[in-house]
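Colleague:
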Amino acid sequence: SQQGEEDPQALSIQEGENATMNCSYKTSINNLQWYRQNSGRGLVHLILIRSNEREKHSGRLRVTLDTSKKSSSLLITASRAADTASYFCATSARDDKIIFGKGTRLHILP
Amino acid sequence: NAGVTQTPKFQVLKTGQSMTLQCAQDMNHNSMYWYRQDPGMGLRLIYYSASEGTTDKGEVPNGYNVSRLNKREFSLRLESAAPSQTSVYFCASSLGVGVNTEAFFGQGTRLTVV
Chain A
-4 SQQGEEDPQA
6 LSIQEGENAT
16 MNCSYKTSIN
26 NLQWYRQNSG
36 RGLVHLILIR
46 SNEREKHSGR
56 LRVTLDTSKK
66 SSSLLITASR
76 AADTASYFCA
86 TSARDDKIIF
96 GKGTRLHILP
Chain B
814 NAGVTQTPKF
824 QVLKTGQSMT
834 LQCAQDMNHN
844 SMYWYRQDPG
854 MGLRLIYYSA
864 SEGTTDKGEV
874 PNGYNVSRLN
884 KREFSLRLES
894 AAPSQTSVYF
904 CASSLGVGVN
914 TEAFFGQGTR
924 LTVV
């Protein structure tokens, strides 16, 4: 079974609102990453958080990591139409394999 | 700077045919990956290579073989294609084991097996 599981599976919000997606995983990790995928395209890396970090920011993105609960969240503030995409969390352990979750489909309504 | 290049972009195969998906990266990365993406399933790791000459099974390796002949190239082979292998295949690379950096992805190969 896959390492990461995102929640919710799909999310629709109004433009300008904040979007929060959650990810849970099962085993110890070295880092957790979030990626975005626009329809039919390749994946683009958004942000990486190491296992010894608790929070990280990049522009309108805020990622938290709670290793005791084996969970992470991705917050996108002030959402825009261009944020409409699928978002995936991925975990990497000591063997460097990057294992993905099933993703959250985010739809920003005008 | 091309990044990760996959060929072909599209392919239709008949059941039982074989083919090789090619992947090359020009970032001097050590690690390379092959994933498949099916609707609602996210990306599932097929095979992984930590360095030239080494490969390791991922989550769904059955029906596939890989080859890492040099640092740049990592190919995925389907010896006898089955309809269940209809999917979008992505190749990716990253700097390497023990280095906390992201993976870079190719644009994907859309494979249909009829």
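Protein sequences, first through last, are from chains A and B.
The opening position of the first sequence corresponds to residue -4 in the numbering used here, with each subsequent residue numbered one higher.
The opening position of the second sequence corresponds to residue 814 in the numbering used here, with each subsequent residue numbered one higher.
Think of the CB as a built atom: it goes at the ideal place given N, C-alpha and C, for glycine as much as any other residue.
Answer with buried or exposed for residue 882 (chain B), where buried requires no fewer than 16 other C-beta atoms within 10 angstroms of its C-beta.
Modeller: Here residue 882 (chain B) is taken as the residue at index 69 of the second sequence, counted from 1. Residue 882 (chain B) should be labelled exposed.
Colleague: State the beta-bridge partners of residue 45 (chain A) as determined by DSSP.
Modeller: For the purposes of this step, residue 45 (chain A) is identified with residue 50 of the first sequence, where counting begins at 1. Paired residue(s): A:26.
Colleague: Based on DSSP bridge pairs, tell me the residues matched to residue 842 (chain B).
Modeller: For the purposes of this step, residue 842 (chain B) is taken as residue 29 along the second sequence, with counting starting at 1. Residue 842 (chain B) pairs with nothing; no bridge assigned.
Colleague: Between the C-alpha atoms of residue 73 (chain A) and residue 830 (chain B), what's the straight-line distance to the nearest angstrom?
Modeller: Position 78 of the first sequence, counted from the start, is the residue given in the question as residue 73 (chain A). Position 17 of the second sequence, counted from the start, is the residue given in the question as residue 830 (chain B). Between residue 73 (chain A) and residue 830 (chain B), the C-alpha separation is close to 49 Å.
Colleague: Ordered along the chain, which non-local residues of its own chain (more than five positions away) have a Cβ less than 6 Å from that of residue 923 (chain B)?
Modeller: Against the second sequence, residue 923 (chain B) aligns to sequence position 110. These residues qualify, in order along the chain: 823, 901.
Colleague: At the 7 Å Cβ level, is residue 145 (chain A) part of the contact set with chain B, yes or no?
Modeller: Beyond the ends of chain A as shown, which are -4 and 105, falls residue 145 (chain A); an answer cannot be given.
Colleague: Applying the 10 Å Cβ sphere with the 16-neighbour rule, what's the burial state of residue 875 (chain B)?
Modeller: By 1-based counting over the second sequence, the position of residue 875 (chain B) is 62. Classification of residue 875 (chain B): exposed, given that the 10 Å Cβ count is below 16.
Colleague: Kindly indicate if chain B contains any beta-carbon less than 7 Å away from that of residue 91 (chain A).
Modeller: To locate residue 91 (chain A), count along the first sequence from 1; it is residue 96. At least one beta carbon of chain B lies nearer than 7 Å to the beta carbon of residue 91 (chain A).
Colleague: What residues are listed by DSSP as bridge partners for residue 823 (chain B)?
Modeller: To locate residue 823 (chain B), count along the second sequence from 1; it is residue 10. Paired residue(s): B:923.
Colleague: By the three-class DSSP mapping on this structure, what secondary structure does residue 78 (chain A) have?
Modeller: The sequence position of residue 78 (chain A) within the first sequence is 83, counting from 1. Residue 78 (chain A): helix per DSSP, three-state reduction.
Colleague: Do we get a CB-CB distance below 7 Å when we pair residue 844 (chain B) with the residues of chain A?
Modeller: As a first step, residue 844 (chain B) is located in the second sequence; it is residue number 31 there, counting from the start. Residue 844 (chain B) counts as touching chain A.
Colleague: Would you call the region 861 to 879 of chain B in contact with the region 54 to 68 of chain A, where contact means no fewer than 3 C-beta pairs closer than 8 Å?
Modeller: no
Colleague: Under DSSP, the beta strand (DSSP E) around residue 61 (chain A) begins and ends at which residues?
Modeller: Residue 61 (chain A) sits at position 66 when you count from the first residue of the first sequence. Run containing residue 61 (chain A): 56 to 61, per the beta strand (DSSP E) assignment.
Colleague: List the whole-angstrom C-beta distance separating residue 833 (chain B) from residue 890 (chain B), where the pair is believed to meet the contact cut-off of C-beta under 8 Å.
Modeller: Looking up residue 833 (chain B) in the second sequence gives position 20. Looking up residue 890 (chain B) in the second sequence gives position 77. Residue 833 (chain B) to residue 890 (chain B), Cβ: 5 Å. Contact.
Colleague: Measure the alpha-carbon distance for residue 796 (chain B) versus residue 60 (chain A) and round it to whole angstroms.
Modeller: Past the boundaries of the shown model lies residue 796 (chain B); chain B is included only from 814 to 927, so the question cannot be answered.
Colleague: Going along the region 40 to 65 of chain A in order, which residues come within less than 8 Å of chain B, judged by CB to CB distance?
Modeller: 40, 43, 45
Colleague: Quick one: grab the DSSP three-state call for residue 85 (chain A).
Modeller: Along the first sequence, read from residue 1 onward, the residue named residue 85 (chain A) stands at position 90. Looking at residue 85 (chain A) - three-state DSSP - the assignment turns out to be strand.
Colleague: Going by beta-carbon coordinates alone, are residue 31 (chain A) and residue 39 (chain A) separated by less than 7 Å?
Modeller: Numbered from its first residue, the first sequence carries residue 31 (chain A) at position 36. Numbered from its first residue, the first sequence carries residue 39 (chain A) at position 44. Their beta carbons are under 7 Å apart, which means residue 31 (chain A) touches residue 39 (chain A) by this criterion.
Colleague: Within its chain, find whatever has a CB closer than 8 Å to the CB of residue 827 (chain B); leave out the 5 residues flanking it on each side and keep chain order.
Modeller: For this step, residue 827 (chain B) is matched to residue 14 along the second sequence. These residues qualify, in order along the chain: 894, 926, 927.
Colleague: Along chain A, which residues have their Cβ under 7 Å away from the Cβ of residue 854 (chain B)?
Modeller: In the second sequence, counting from the first residue as 1, residue 854 (chain B) sits at position 41. What residue 854 (chain B) touches in chain A: 97.
Colleague: According to the neighbour-count rule (16 or more other Cβ atoms, all chains shown, within 10 Å of its Cβ), is residue 892 (chain B) buried or exposed?
Modeller: The residue you call residue 892 (chain B) lines up with position 79 of the second sequence. By the 10 Å Cβ count, residue 892 (chain B) comes out exposed.
Colleague: With 7 Å set as the bound, which would you pick, yes or no: does the beta-carbon of residue 915 (chain B) sit closer than that to a beta-carbon of chain A?
Modeller: Within the second sequence, residue 915 (chain B) is the residue found at index 102, counting from 1. For residue 915 (chain B), the answer is yes, since a Cβ of chain A falls inside 7 Å of its Cβ.
Colleague: Quick one: measure Cβ to Cβ for residue 846 (chain B) and residue 93 (chain A), integer angstroms, because I've assumed they're closer than 8 Å.
Modeller: For the purposes of this step, residue 846 (chain B) is taken as the residue at position 33 of the second sequence. For the purposes of this step, residue 93 (chain A) is taken as the residue at position 98 of the first sequence. Going by Cβ atoms, the distance from residue 846 (chain B) to residue 93 (chain A) rounds to 6 Å, so yes, they are a contact pair.
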